[in-house]
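*Asks:* Have a look at the structure that comes next, please.
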Amino acid sequence: MERACSLFRAEAKAGSFRLRLFNGPDKKPERLSKGYNVSVQKALIATIVLLSTAGCAKVGDLDVTGGVIAKRSACPTVGIPDYTGDVTLFNPPESREARAIDVVANITNLRSTCNDSGDQIYSQATFDVLARRSDPSGAREVTLPYFSSVMRGGNAVVSKRVGTVRIRFEDGQNRASASARAESYVDKSQATLPADIQERITRERKAGDPDAALDPMSDPAVRAALQRTSFELLIGFNLTQDQLKYNVTR
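For the sequence shown, this note's numbering gives the first residue as 2, with consecutive numbering after it.
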């Protein structure tokens with residue numbers, strides 16, 4: 002448990018995560034292109050179109066007095082922190098040679114549902130673990146630990162859980178899979194922007210107004226409120242320091 006928390010802190014200090022981002026309920030996560038580093042804060046804020054609402058405009062409409070109308074969801078963004086979406090087991094464990102690779106497993110098909118109708122926002126993420134082994138002889142079961150963590154503002158761990166997923170290989174089988182899930186609860190009040198901040202972001206701006214050309218995001222109070230009310234549900238393998246080092250340096 003402490004290992005994953007340390008991982009979060011290290012990644013946050015280093016400029017944060019590269020994620021497979023999930024943009025809403027019942028949608029698959031998007032894998033960011035290789036080598037493209039993005040902070041959790043920027044990734045979340047980028048999903049929010051901070052322009053005004055007006056008249057009878059609908060979500061997705063273009064309003065000439067404000068811009069594109071968009072709705073900010075209170076549901077947590079779901080993603081896999083960089084370097085935690087796969088794990089490699091070696092035999093013998095201390096070796097890092099290719100011929101010593103025993104089992105390789107990957108997290109895939111990450112999906113999420115969210116219910117924000119009550120005072121508590123409930124999210125459930127499901128995912129598959131695909132594994133392959135080098136030696137297909139004999140039946141074998143492999144147990145892999147994974148973490149699920151709720152983070153606030155890109156750098157504060159709110160909660161942390163560790164679970165396990167069991168992969169069963171039948172005799173002669175070198176590939177197998179299993180499914181797992183993770184859940185989270187977030188206080189809706191903590192994930193909701195204060196009314197005054199919402200007003201600064203969404204109010205109509207007319208030509209000639211003193212702040213007509215000002216981006217609301219230039220206001221430090223707005224940026225801080227957005228960060229403070231942004232939550233993520235992050236899922237990955239609960240790696241040892243050696244396993245993490247291998248993923249980072251291979």
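Backbone N, C-alpha and C fix where the C-beta goes; we use that ideal spot for every residue, glycine too.
1) Does Y147 pass the burial test, meaning 16 or more other C-beta atoms within 10 Å, or should it be called exposed?
2) Looking at the secondary structure, which residues open and close the beta strand (DSSP E) in which E200 lies?
3) I'd like the span of the beta strand (DSSP E) that includes L1, first residue to last.
4) Pick helix, strand or coil for K161, following the three-state DSSP scheme.
5) Can you tell me which residues form a DSSP beta bridge with I102?
6) Do G86 and the ligand ADP come close, with the Cβ less than 7 Å from some heavy atom?
7) Following the continuous alpha helix (DSSP H) through Q228, name the residue where it begins and the one where it ends.
8) If we cut at 8 Å on Cβ distances, does R162 have a partner in chain B?
9) Just the C-alpha distance for L145 and F128, rounded to the nearest angstrom, thanks.
10) Whose C-alpha, out of S150, R204, V105, is nearest the C-alpha of Q125?
11) Check whether the Cβ atoms of L90 and T109 lie closer than 8 Å to each other.
12) How is A140 classed by DSSP in three states: helix, strand or coil?
13) Starting from T114, follow its DSSP beta bridges and name the residues at the other end.
14) Which value, in whole angstroms, describes the spacing of the CA atoms of N175 and R97?
15) State the DSSP-derived secondary structure class of N1, mapped to helix, strand or coil.
16) By DSSP's criteria, M152 is part of a beta bridge. Which residues make up the other side?
*Replies:* This is what the structure gives:
1) Y147 should be labelled buried.
2) Counting along the chain, E200 falls outside any beta strand (DSSP E), though it belongs to the alpha helix (DSSP H) covering 196 to 203.
3) Residue 1 lies beyond the stretch modelled for the chain, which goes from 2 to 251, so this question has no answer here.
4) Correct three-state label for K161: strand.
5) Residue pairing by DSSP puts I102 in a beta bridge opposite F91.
6) Looking at this structure, you won't find the ligand ADP or any other ligand, since it has none at all.
7) Boundaries of the alpha helix (DSSP H) around Q228: 221 to 229.
8) Here there is only one protein chain, and chain B is not present.
9) Computed Cα separation, rounded: 14 Å.
10) The shortest Cα separation from Q125 among S150, R204, V105 belongs to S150.
11) For L90 and T109, no; Cβs fall outside 8 Å.
12) Reduced to three states, the DSSP call for A140 is coil.
13) The beta-bridge partner set that DSSP reports for T114 consists of Q125.
14) Going from the Cα of N175 to the Cα of R97 covers about 20 Å.
15) This structure cannot speak to residue 1, because the chain is shown only from 2 to 251.
16) DSSP, once it has assigned bridges, lists V158, E233 as partnering M152.
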